[in-house]
Amino acid sequence: MNIARKIPTYVYVGSAICGVYGLAILVKDRGGGERYKGIPSADGKVAIVTGANTGLGKETAWELAKRGAKVYMACRDMIRCEEARQEIVLDTKNKYVYCRPCDLASLESIRNFVRTFKAAEQKLDVLVNNAGVMRTPKGSKTQDGFELQLGVNHLGHFLLTNLLLDHLKKSAPSRIVNLASITYKNGTINKADLNSEADYDPADAYAQSKLAVVLFTNELAQRLEGTGVTVNSIHPGIVDTDLARHMGFSKSTFARIIFRPLTWAFIKSPRQGCQSIIYLALDPEVEKVTGKYFNSFKEEELSGDALDLNLAKWLWKVSEKWTRLSA
4 MNIARKIPTY VYVGSAICGV YGLAILVKDR GGGERYKGIP SADGKVAIVT
54 GANTGLGKET AWELAKRGAK VYMACRDMIR CEEARQEIVL DTKNKYVYCR
104 PCDLASLESI RNFVRTFKAA EQKLDVLVNN AGVMRTPKGS KTQDGFELQL
154 GVNHLGHFLL TNLLLDHLKK SAPSRIVNLA SITYKNGTIN KADLNSEADY
204 DPADAYAQSK LAVVLFTNEL AQRLEGTGVT VNSIHPGIVD TDLARHMGFS
254 KSTFARIIFR PLTWAFIKSP RQGCQSIIYL ALDPEVEKVT GKYFNSFKEE
304 ELSGDALDLN LAKWLWKVSE KWTRLSA
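Numbering (my numbering), first residue to last: 4 to 330.
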């Protein structure tokens, strides 16, 4: 008797589907990059994570809370922030997680956030500048009239960080982690049209904003020398977040159906992507490392315009003026 003939076709199909799915899970787990295996405690530490209501920011806040930190989730959308906060508190059993309004596209909102934070806290141990936007449509501006990607990714965090430096210095050793991107290598700082008024290409503007993040990190590290405050920039890898929501394929249902199954196994989940961020924020191995660029867990040499010290100083002066830092 042929036993194979007795087995229904759907059993073969189901087994094949389960096998493929299991293989995909294995590939994603292995392809998601190195996991942070360190278990440093964050008890007693105070941390701020911008854009913490979703994606990398949410998972970074979760990891910090799990290790005992008091976490301030600096977000624009308070409804989504509160939903994320409740989930984090429930999962980590850490009740010291707070939502605070902070719109990186508004200098006034940033200043209000800092005033509220300083009224509540006397220290700041970790600042993770995570919030960001990518390839926004032409004409997208911040409330202060800056090109949105430059305004949120660089200028907003420039102001926020500088306004918090006194608390960071009082808490030394303390750390700043700036979310950059490997696309900084494609970026140029357009001195003649920094705000992309004359010409706008969403990809170029994004690359410029991420180059600005790296240059800001480099210059800030020099200015903080001897204070015990470190600052590094990081490309966490390609992570499955809603950062790409403005890109064409993200808006196409057909493209999502076709390409997402093909790429899912090779793109990091937010939980995987935040591992290297936590490494920079907490690990004793990098406590004194500053002014460096990391590609996931590995320190990487900068290239191109990111090495231009004069450009970094020029950008600082412009950023200082545009954000009215001394006001």
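Every residue gets a Cβ at the ideal spot worked out from N, C-alpha and C, and that includes glycine.
I need the boundaries of the beta strand (DSSP E) containing residue i, first residue and last residue.
i, result
"N165", "Here N165 belongs to no beta strand (DSSP E); instead the alpha helix (DSSP H) covers 160-173."
"A50", "49-53"
"M137", "No beta strand (DSSP E) holds M137; DSSP gives it neither H nor E."
"P205", "Premise fails: P205 lies in the alpha helix (DSSP H), 205-226, not in any beta strand (DSSP E)."
"N235", "232-238"
"R38", "Premise fails: R38 is in no beta strand (DSSP E) and is neither H nor E."
"P43", "Taken as a continuous stretch (DSSP letters only), P43 belongs to no beta strand (DSSP E), as it is neither H nor E."
"Y187", "Element bounds for Y187: n/a, residue is neither H nor E."
Look at the alpha carbon of residue i and the alpha carbon of residue j, and state the distance between them as a whole number of angstroms.
i, j, result
"E228", "K144", "34 Å"
"D128", "G154", "25 Å"
"C277", "V136", "17 Å"
"E62", "V289", "21 Å"
"E302", "D196", "32 Å"
"K316", "D94", "43 Å"
"S272", "V242", "6 Å"
"N189", "L218", "14 Å"
"D308", "N193", "11 Å"
"H238", "L182", "6 Å"
"N156", "K96", "32 Å"
Write down the C-beta distance between residue i and residue j rounded to the nearest angstrom, noting that I regard them as a contact closer than 8 Å.
i, j, result
"V131", "V92", "Not quite, the Cβ-Cβ distance comes to about 19 Å (not below 8 Å), so this is no contact."
"S177", "V117", "At roughly 16 Å, the Cβ-Cβ gap does not stay under 8 Å, so S177 and V117 are not in contact."
"A108", "A77", "Going by Cβ atoms, the distance from A108 to A77 rounds to 13 Å, so no, they are not a contact pair."
"I281", "Y75", "Not really, about 16 Å apart at Cβ, beyond 8 Å."
"F300", "E66", "That belief does not hold up - the Cβ atoms of F300 and E66 are roughly 15 Å apart, past 8 Å."
On a CA-only basis, which of the options is nearest residue i? Give me that one, please.
i, options, result
"R83", "K40, Y101, L312", "Y101"
"I185", "G159, I192, S199, S236", "S236"
"F297", "T326, N133, G307, G240", "G240"
"T293", "R226, A206, L168, I270", "R226"
"K173", "K126, E323, V52", "K126"
"M81", "D204, N165, L59, D106", "D106"
"A224", "N115, F149, K291, W325", "K291"
"T326", "L163, E37, V234, A208", "L163"
"A50", "K295, L167, G41", "L167"
"S112", "N313, K213, L158", "L158"
"R70", "G60, H170, A45", "A45"
"S306", "Y203, D202, T191", "T191"
For the alpha helix (DSSP H) containing residue i, name the first residue and the last one.
i, result
"E300", "Contrary to the premise, residue 300 reads as Phe rather than Glu in this sequence. Looking at the DSSP string, F300 is not in any alpha helix (DSSP H), and its letter there is neither H nor E."
"N313", "312-325"
"I281", "278-285"
"L59", "58-69"
"I179", "Careful: I179 lies outside any alpha helix (DSSP H), inside the beta strand (DSSP E) at 177-182."
"R118", "110-123"
"R88", "81-95"
With respect to 8 Å, is the separation between the Cβ of residue i and the closest non-hydrogen atom of the ligand GDP below this value?
i, result
"M137", "No copy of the ligand GDP appears in this structure; indeed no ligand is present at all."
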